[in-house]
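J.: Note that the numbering used here has the sequence shown beginning at 8, numbered continuously upward.
For glycine and all other residues, C-beta sits at the position ideal for the given N, C-alpha and C.
Got a structure for you, written out below as structure tokens; questions coming shortly.
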Amino acid sequence: MTSTARRRWSLDLESEIDGISFSESGPILVHGYDAPAGGMWVDEVIPGKLGALDRSTGEVLWHSPCEVGYGRGFGAGFGEGNDVIVVGPSSQGQRIVRMESATGKLIGVEGIGSFDEAQVFGDLCVCANASRVFAISSGEMTELWSFAEEGQRYHLVGRSGDRVLVVYGDKEDSMKGILALDACSGEYLGTLLPPVLPVIHGLAVDGDHLALLTADVQAALSSELAVQLMTSLISDDDGDLVVDNLTLLGLSLDDIGGAQTRWFNVLSTQTGSSSKLSEDLPEVSITADSQKLYIVNGALLEVRDLLSGRALGDWTIPGLDERVDWKVCQGAGLLAEEHRISVFELPA
Numbered sequence: 008m009t010s011t012a013r014r015r016w017s018l019d020l021e022s023e024i025d026g027i028s029f030s031e032s033g034p035i036l037v038h039g040y041d042a043p044a045g046g047m048w049v050d051e052v053i054p055g056k057l058g059a060l061d062r063s064t065g066e067v068l069w070h071s072p073c074e075v076g077y078g079r080g081f082g083a084g085f086g087e088g089n090d091v092i093v094v095g096p097s098s099q100g101q102r103i104v105r106m107e108s109a110t111g112k113l114i115g116v117e118g119i120g121s122f123d124e125a126q127v128f129g130d131l132c133v134c135a136n137a138s139r140v141f142a143i144s145s146g147e148m149t150e151l152w153s154f155a156e157e158g159q160r161y162h163l164v165g166r167s168g169d170r171v172l173v174v175y176g177d178k179e180d181s182m183k184g185i186l187a188l189d190a191c192s193g194e195y196l197g198t199l200l201p202p203v204l205p206v207i208h209g210l211a212v213d214g215d216h217l218a219l220l221t222a223d224v225q226a227a228l229s230s231e232l233a234v235q236l237m238t239s240l241i242s243d244d245d246g247d248l249v250v251d252n253l254t255l256l257g258l259s260l261d262d263i264g265g266a267q268t269r270w271f272n273v274l275s276t277q278t279g280s281s282s283k284l285s286e287d288l289p290e291v292s293i294t295a296d297s298q299k300l301y302i303v304n305g306a307l308l309e310v311r312d313l314l315s316g317r318a319l320g321d322w323t324i325p326g327l328d329e330r331v332d333w334k335v336c337q338g339a340g341l342l343a344e345e346h347r348i349s350v351f352e353l354p355a
């Protein structure tokens, strides 16, 4: 029976929220903006603001104008010395901003290359756009390395220890796979998964295990798992072919630069050819923490073991279906709605 997760606290804000972040310790970061009257503004970027909340109570510790505003591309987290790092758009192009976590005092700001996807880690920020992947030092706020290969397009990024994982596509046939780069140098380490998947909607990484939200996974499976998939995709009464159009795929990284598919779980199917996958799909997203995979589907949160795919439970999260952003860390779920921040307890 599905139960409702316990809410620790909520805080309503006047500003519109567009991003959140928190880690194992320290405050919760909330990035937002004040939308202009009538929803019209001159520049492409609305000026932003950043606030820090006490993770236990929701008390506002500080709030400050932020050089990063509302627009395309955003990332936030904690860098060297536990300083706050924010990357995203500004009126002067995309920037990286460093602030004191205790006070919100601005330490520095630098312009960086354009990006669509960003992840902030303690030592660096990994950014990607369609044409390249690059890393920015969270201390010096300078570009450390850049990677690009002819004929490839880049999408999602994640990290496993000293490896940066990148979802990439082949420009000729648009099939997707995963490659690995050295986090310190950007050196190409190898292909974890060749481009055999038609789409990758989501990437969740924790330790040496990862999960993909994808579709039509047969080409990525071992022969044993492929038989299990074909058995589960039984043709309908009319004899039409049944294809998985939304599937979880679990993989483990090995020591020699490869990945092994461990499990799959079909979330949705369709009849007909896989060359025309349906776009009418549930709004599902995934994240991983403490060897657990968290699957969001509307207001429902399902939890699975990241290594085996075994179901661990599910809970209703009030407001999750209206989420702007959602994060999980050490048994706590951080939910951002348009004007509200909430923290929920997630049972182990």
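From the DSSP output, in three-state form, read off Met237 for me.
T.: Looking at Met237 - three-state DSSP - the assignment turns out to be helix.
J.: Spatial neighbours of Asp180 within its chain, please: C-beta separation below 6 Å, excluding the five flanking residues on both sides.
T.: Cβ neighbours of Asp180 beyond the five flanking positions: none.
J.: Excluding five sequence neighbours on each side, which residues of the same chain lie with their C-beta closer than 6 Å to the C-beta of Ile35?
T.: Cβ neighbours of Ile35 beyond the five flanking positions: Phe29, Leu60, Arg62.
J.: Based on the DSSP output, what are the partners of Pro205 in its beta bridges?
T.: Bridge partners of Pro205: none, in fact.
J.: Under the assumption that Gly158 contacts Asp177 (Cβ atoms under 8 Å), give the Cβ distance between them as a whole number of angstroms.
T.: Their Cβ separation, rounded to whole angstroms, is 7 Å, which keeps Gly158 and Asp177 in contact under 8 Å.
J.: The beta strand (DSSP E) spanning Cys134 covers which residue range?
T.: First-last of the beta strand (DSSP E) with Cys134: 131-135.
J.: Based on the DSSP secondary-structure assignment, which residues constitute the bridge partners of Glu309?
T.: For Glu309, which the question treats as bridged, DSSP gives the partners Ile302, Asp321.
J.: Under 8 Å, Cβ to Cβ, is there at least one residue of chain C near Ala142?
T.: In summary, chain C is missing from the structure at hand, where a single protein chain is found.
J.: On the DSSP bridge list, what partners appear for Pro72?
T.: Its beta-bridge partners are Lys56.
J.: Would you identify the three-state DSSP class for Glu117, choosing helix, strand or coil?
T.: Strand.
J.: Which two residues bound the contiguous beta strand (DSSP E) that contains Gly82?
T.: Where Gly82 is concerned, the enclosing beta strand (DSSP E) stretches over 82-85.
J.: Is it the case that the Cβ atoms of Leu342 and Leu319 are separated by a distance below 8 Å?
T.: Cβ atoms of Leu342 and Leu319: not closer than 8 Å.
J.: I'd like to know whether the C-beta atoms of Ala135 and Glu124 end up nearer to each other than 8 Å.
T.: Yes, these two residues count as a Cβ contact at 8 Å.
J.: DSSP three-state call for Leu248: helix, strand or coil?
T.: Coil.
J.: Quick one: residues in its chain with C-beta nearer than 7 Å to the C-beta of Ala227, no 5 flanking neighbours on either side, listed in chain order?
T.: Only Leu200, Val203, Leu204, Leu256, Thr268 meet the Cβ criterion.
J.: Could you check where the beta strand (DSSP E) with Leu18 kicks off and where it finishes?
T.: Leu18 -> beta strand (DSSP E) spans 13-19.
J.: In whole angstroms, give me the CA-to-CA distance for Asp213 and Ile185.
T.: Going from the Cα of Asp213 to the Cα of Ile185 covers about 15 Å.
J.: Determine which residues share a DSSP beta bridge with Tyr177 and list them.
T.: The amino acid at residue 177 is misidentified as Tyr; the sequence shows Asp. In DSSP, Asp177 forms a bridge with Gln159.
J.: Give me the Cβ distance between Asp19 and Tyr40, rounded to the nearest whole Å; I'm assuming they're in contact under 8 Å.
T.: Between Tyr40 and Asp19 the Cβ distance is about 16 Å, and since that is not below 8 Å, they are no contact.
J.: Nearest by alpha-carbon distance to Gln126: which of Leu68, Ser145, Gly338, Ile241 is it?
T.: Ranking the options by Cα distance to Gln126, first place goes to Ser145.
J.: Excluding the five sequence neighbours on either side, which residues of its own chain have a C-beta within less than 7 Å of the C-beta of Ser138, listed in chain order?
T.: Same-chain partners within the cutoff: Ala155.
J.: How many angstroms separate the CA atom of Val75 from the CA atom of Ile92?
T.: Roughly 10 Å between the two C-alpha positions.
J.: Whose C-beta lies closer than 7 Å to the C-beta of Trp270 among residues of the same chain, with five residues either side of it excluded?
T.: These residues qualify, in order along the chain: Gly257, Ser315, Gly316.
J.: Measure from the alpha carbon of Gly120 to the alpha carbon of each residue in Val303, Arg79, Ala211, then state which is nearest.
T.: Taking only the C-alpha atoms, the option nearest Gly120 is Arg79.
J.: To the nearest angstrom, how far is the alpha carbon of Arg13 from that of Val303?
T.: Spanning the two alpha carbons is a distance of roughly 17 Å.
J.: Which same chain residues, not among the five before or five after Cys336, have their C-beta less than 8 Å away from its C-beta?
T.: Within the same chain, Cys336 has close Cβ partners Phe29, Ser30, Glu31, Asp296.
J.: Which residues in the same chain as Val133 place their Cβ atom closer than 6 Å to its Cβ, once the five residues preceding and following it in sequence are excluded?
T.: For Val133, where only same-chain residues beyond five positions count, the Cβ hits under 6 Å are Gln126, Ala142, Val164, Val171.
J.: Which residues does DSSP pair with Ser275 in a beta bridge?
T.: In the DSSP output, where bridge partners are listed per residue, Ser275 has Leu253.
J.: Could you give the residue range of the beta strand (DSSP E) that holds Phe154?
T.: 150-154 is the span of the beta strand (DSSP E), which, as asked, contains Phe154.
J.: Tell me the residue span of the beta strand (DSSP E) that contains Arg105.
T.: 102-106 is the span of the beta strand (DSSP E), which, as asked, contains Arg105.
J.: Assuming Gly82 and Gly95 make a contact with CB atoms under 8 Å, what is their CB distance in whole Å?
T.: At roughly 7 Å, the Cβ-Cβ gap stays under 8 Å, so Gly82 and Gly95 are in contact.
J.: Measuring alpha carbon to alpha carbon, tell me which of Ala44, Ser22, Gly45, Pro43 ends up nearest Val37.
T.: Checked all of Ala44, Ser22, Gly45, Pro43; the closest Cα to Val37 is Ser22.
J.: Please look up how many angstroms separate the CB atoms of Thr254 and Val224, rounded, as I've assumed it's under 8 Å.
T.: Right, the Cβ-Cβ distance comes to about 5 Å (below 8 Å), so this counts as a contact.
J.: Can you have a look at Gly115 and say buried or exposed, based on whether 16 or more other CB atoms are within 10 angstroms of its CB?
T.: When all chains shown are included, Gly115 counts as exposed.
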